[in-house]
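Okay, so here's the structure we're looking at.
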Amino acid sequence: MRLRERSIIPGFGLTLGFSLTYLCLLVLIPLSMLFARTFSMTWTDFWNTVSGPRAIASYKLTFGASFAGASINAVFGLLVAWVLVRHRFWGRDLVDAMVDLPFALPTAVAGIALTAVYSSNGWIGRFLEPLGVKVAFTPLGVIVALTFIGLPFVVRTLEPVIEDLDAEVEEAAATLGATRWQTFVKVIFPGLLPALLTGFSLAFARALGEYGSVVFISGNMPMKTEIAPLLIMTKLEEYDYAGATAIAVTLLLVSFALLLFVNLLQWWSRRSRAT
Amino acid sequence: MTPSGQTSSAEQTRLEPPAVRFVLLGVALTFLGLFLVVPLAVVFAQAFSKGIHVYWAAIVDPDARHAICLTLVTALVSVPMNVVFGIAAAWAITKFEFRGKNILITLIDLPFTVSPVISGLIFVLLFGAQGAFGPWLSAHDIKIIFAVPGIILATTFITAPFVARELIPLMQSQGSEEEEAALSLGANGWQTFWRVTIPNIKWGLLYGVILCNARAMGEFGAVSVVSGHVRGRTNTMPLHVEILYNDYNFAGAFAVASLLAMLALATLALKKIVEWRVRQTLAEAERMASQGKIPA
Numbered sequence: 001m002r003l004r005e006r007s008i009i010p011g012f013g014l015t016l017g018f019s020l021t022y023l024c025l026l027v028l029i030p031l032s033m034l035f036a037r038t039f040s041m042t043w044t045d046f047w048n049t050v051s052g053p054r055a056i057a058s059y060k061l062t063f064g065a066s067f068a069g070a071s072i073n074a075v076f077g078l079l080v081a082w083v084l085v086r087h088r089f090w091g092r093d094l095v096d097a098m099v100d101l102p103f104a105l106p107t108a109v110a111g112i113a114l115t116a117v118y119s120s121n122g123w124i125g126r127f128l129e130p131l132g133v134k135v136a137f138t139p140l141g142v143i144v145a146l147t148f149i150g151l152p153f154v155v156r157t158l159e160p161v162i163e164d165l166d167a168e169v170e171e172a173a174a175t176l177g178a179t180r181w182q183t184f185v186k187v188i189f190p191g192l193l194p195a196l197l198t199g200f201s202l203a204f205a206r207a208l209g210e211y212g213s214v215v216f217i218s219g220n221m222p223m224k225t226e227i228a229p230l231l232i233m234t235k236l237e238e239y240d241y242a243g244a245t246a247i248a249v250t251l252l253l254v255s256f257a258l259l260l261f262v263n264l265l266q267w268w269s270r271r272s273r274a275t
Numbered sequence: 276m277t278p279s280g281q282t283s284s285a286e287q288t289r290l291e292p293p294a295v296r297f298v299l300l301g302v303a304l305t306f307l308g309l310f311l312v313v314p315l316a317v318v319f320a321q322a323f324s325k326g327i328h329v330y331w332a333a334i335v336d337p338d339a340r341h342a343i344c345l346t347l348v349t350a351l352v353s354v355p356m357n358v359v360f361g362i363a364a365a366w367a368i369t370k371f372e373f374r375g376k377n378i379l380i381t382l383i384d385l386p387f388t389v390s391p392v393i394s395g396l397i398f399v400l401l402f403g404a405q406g407a408f409g410p411w412l413s414a415h416d417i418k419i420i421f422a423v424p425g426i427i428l429a430t431t432f433i434t435a436p437f438v439a440r441e442l443i444p445l446m447q448s449q450g451s452e453e454e455e456a457a458l459s460l461g462a463n464g465w466q467t468f469w470r471v472t473i474p475n476i477k478w479g480l481l482y483g484v485i486l487c488n489a490r491a492m493g494e495f496g497a498v499s500v501v502s503g504h505v506r507g508r509t510n511t512m513p514l515h516v517e518i519l520y521n522d523y524n525f526a527g528a529f530a531v532a533s534l535l536a537m538l539a540l541a542t543l544a545l546k547k548i549v550e551w552r553v554r555q556t557l558a559e560a561e562r563m564a565s566q567g568k569i570p571a
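Residue numbers (my numbering), protein chains in the order written: chain A, 1 to 275; chain B, 276 to 571.
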């Protein structure tokens, strides 16, 4: 088998060679350093670092808050995507553009803004404080920040799928006497499920690695509100390169596993839409 | 019943009752208001909370001006590099069939799945004092980590996928017929690229550049790891915001943050315009193809 099929278009060697060299120098070699560093540690050292109580507490918070944030986004993201595709209202284009704000707004700006909004004298925080709800500098604050940054992933994954929904199936369900709610639960929702799961996983994966928007609102108390990326940062500042690398590798492997899961989901959704 | 009457009644069955629609819309807009609009509004409210003079002073402060310059320089270096890479990668992937293409696409996406902190860490492991090239670099008196080259490297890593990701689906949908026609009429490779491909992809390319630039200027985590936070020397705008904030200079921090927020709003507006143009270009390509103007 030939490496590539014949084509009259020139530039194969140049473009592929350049792309591969660029990716190797910028992405592959630097990333492989992470694993090389880890292999130079003994297994016990590695295990002690990644399973220390402070590390475990940081994983629990990172995974728990990322899961909570992605779940909130799955519910409200579905609602927002639905409203944007199906409903016509004044200012729809503006709202649609705003959904991308978490992509466009630098994370540090999002972090200080959310802290200002949810601190005890902030615009929203002052109404929550009398109810006994503290958001800033608690795990709840971490969830708020991770919800903010994950929202566009769910909405943007769902929008094209909602647009492509087959109108006839819904109309058939209605003609056969199903209520709108029954049609949604039994006909529409199963069709949206693969995309919803994909959006959820993308938001979850992004939240796992998030740093900028969380560090300001979390308060960064070890064992309580310290996320895993911050623990990497702390270890680096203490010149504990091996410790930082070990936790980074753990976090990275989980992200890769999630990416694989997303790819499987997309394959599943393509297959279920094709049949 | 008239045909138009039929479609409207068919559309009726796909819509919720008015009361339900009103509630859904209300909940969705409240959620977006609380999570998106309020934080954005608070940036500007806090920035001007001590008056226009404090705002202006925070922006023309020498450290702030230096941070703005460094942010611009970083974007000016890393965005063009990723544009060249994005075009080359998209050309190789969409114009040719070769083995391992899917692996290449996965590799391009890789920086998106890496936490920003880890993206900074890998360059510290390579070029830092304890890193693989650390001793050699210090022997030759070259500074990469805690200096501008490290900031540019980390930013380029983080923003590498943006242009390629926008161009690959666009160029895939456009196909290679126009390039093949130009080549068979005697144009050389570069002429074909500049006169046929670039006009076809210009809006998608611009879209990728906008996204890439927004991220390059706003990146915080990765840059924070490699910069060393030397005020007036290795601080970009997001890092300067952090320093002011940690000094309890809130009005100053939000003043610099408001510049970044304006950049974000400009990005969103441009994105909307370009999205519309891309859709037009695609629709045109489809129309031309269906009319048989391009031999399949």
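Heads up, the beta-carbon is just placed ideally off N, CA and C, and yes, glycines get one too.
Excluding the five sequence neighbours on either side, which residues of its own chain have a C-beta within less than 8 Å of the C-beta of residue i, listed in chain order?
{"i": "residue 186 of chain A", "result": "173 and 178"}
{"i": "residue 318 of chain B", "result": "529, 532, 533 and 536"}
{"i": "residue 400 of chain B", "result": "406 and 407"}
{"i": "residue 223 of chain A", "result": "53, 54 and 57"}
{"i": "residue 421 of chain B", "result": "501, 502, 503, 505 and 509"}
{"i": "residue 91 of chain A", "result": "none"}
{"i": "residue 37 of chain A", "result": "241, 242 and 245"}
{"i": "residue 390 of chain B", "result": "496"}
{"i": "residue 230 of chain A", "result": "58, 211, 214, 215, 218 and 220"}
{"i": "residue 111 of chain A", "result": "145, 212, 213, 214, 215, 216 and 217"}
Return the residue from the list the options that minimises the CA-CA distance to residue i.
{"i": "residue 102 of chain A", "options": "B/508, B/543 and B/553", "result": "B/543"}
{"i": "residue 108 of chain A", "options": "A/148, A/184 and A/34", "result": "A/148"}
{"i": "residue 259 of chain A", "options": "A/199, A/218 and A/220", "result": "A/199"}
{"i": "residue 495 of chain B", "options": "A/212, A/227 and A/225", "result": "A/212"}
{"i": "residue 337 of chain B", "options": "B/527, B/296, B/553 and B/562", "result": "B/527"}
{"i": "residue 99 of chain A", "options": "A/191, A/20 and A/151", "result": "A/151"}
{"i": "residue 80 of chain A", "options": "B/540, B/414, B/469 and B/300", "result": "B/300"}
{"i": "residue 291 of chain B", "options": "A/32, A/46, A/11 and A/86", "result": "A/86"}
{"i": "residue 140 of chain A", "options": "A/25, A/214 and A/181", "result": "A/214"}
{"i": "residue 40 of chain A", "options": "A/113, A/241, A/265 and A/262", "result": "A/241"}
{"i": "residue 480 of chain B", "options": "B/330, B/295, B/464 and B/550", "result": "B/550"}
{"i": "residue 352 of chain B", "options": "B/424, B/326 and B/382", "result": "B/424"}
What is the DSSP secondary structure of residue i, reduced to helix, strand or coil?
{"i": "residue 247 of chain A", "result": "helix"}
{"i": "residue 403 of chain B", "result": "coil"}
{"i": "residue 459 of chain B", "result": "helix"}
{"i": "residue 105 of chain A", "result": "coil"}
{"i": "residue 533 of chain B", "result": "helix"}
{"i": "residue 475 of chain B", "result": "helix"}
{"i": "residue 87 of chain A", "result": "coil"}
{"i": "residue 272 of chain A", "result": "helix"}
{"i": "residue 360 of chain B", "result": "helix"}
{"i": "residue 182 of chain A", "result": "helix"}
{"i": "residue 415 of chain B", "result": "coil"}
{"i": "residue 119 of chain A", "result": "coil"}
{"i": "residue 389 of chain B", "result": "coil"}
{"i": "residue 425 of chain B", "result": "helix"}
{"i": "residue 290 of chain B", "result": "coil"}
{"i": "residue 166 of chain A", "result": "coil"}
{"i": "residue 398 of chain B", "result": "helix"}
{"i": "residue 508 of chain B", "result": "coil"}
{"i": "residue 547 of chain B", "result": "helix"}
{"i": "residue 323 of chain B", "result": "coil"}
Skipping 5 residues on each side, what residues in its chain have a beta carbon closer than 6 Å to that of residue i?
{"i": "residue 64 of chain A", "result": "none"}
{"i": "residue 277 of chain B", "result": "The predicted model places residue 277 of chain B with a pLDDT of 40, which falls under 50 and marks its position as unreliable; any figure quoted below should be read in that light. Same-chain partners within the cutoff: there are none."}
{"i": "residue 235 of chain A", "result": "243 and 244"}
Below 7 Å CB to CB, which residues in the same chain sit around residue i once its five sequence neighbours on both sides are set aside?
{"i": "residue 68 of chain A", "result": "143"}
{"i": "residue 344 of chain B", "result": "none"}
{"i": "residue 169 of chain A", "result": "187"}
{"i": "residue 357 of chain B", "result": "431, 434, 435, 437, 438 and 487"}
{"i": "residue 272 of chain A", "result": "194"}
{"i": "residue 446 of chain B", "result": "365, 369 and 476"}
{"i": "residue 409 of chain B", "result": "402 and 403"}
Thinking residue i and residue j are a contact (beta carbons under 8 Å), I'd like their distance in whole angstroms, please.
{"i": "residue 395 of chain B", "j": "residue 500 of chain B", "result": "3 Å"}
{"i": "residue 117 of chain A", "j": "residue 313 of chain B", "result": "6 Å"}
{"i": "residue 342 of chain B", "j": "residue 512 of chain B", "result": "5 Å"}
{"i": "residue 452 of chain B", "j": "residue 9 of chain A", "result": "Contact flag wrong, Cβ pair sits at about 11 Å."}
{"i": "residue 61 of chain A", "j": "residue 225 of chain A", "result": "7 Å"}
{"i": "residue 309 of chain B", "j": "residue 217 of chain A", "result": "No, residue 309 of chain B and residue 217 of chain A are not in contact; Cβ-Cβ is about 15 Å, not under 8 Å."}
{"i": "residue 34 of chain A", "j": "residue 252 of chain A", "result": "7 Å"}
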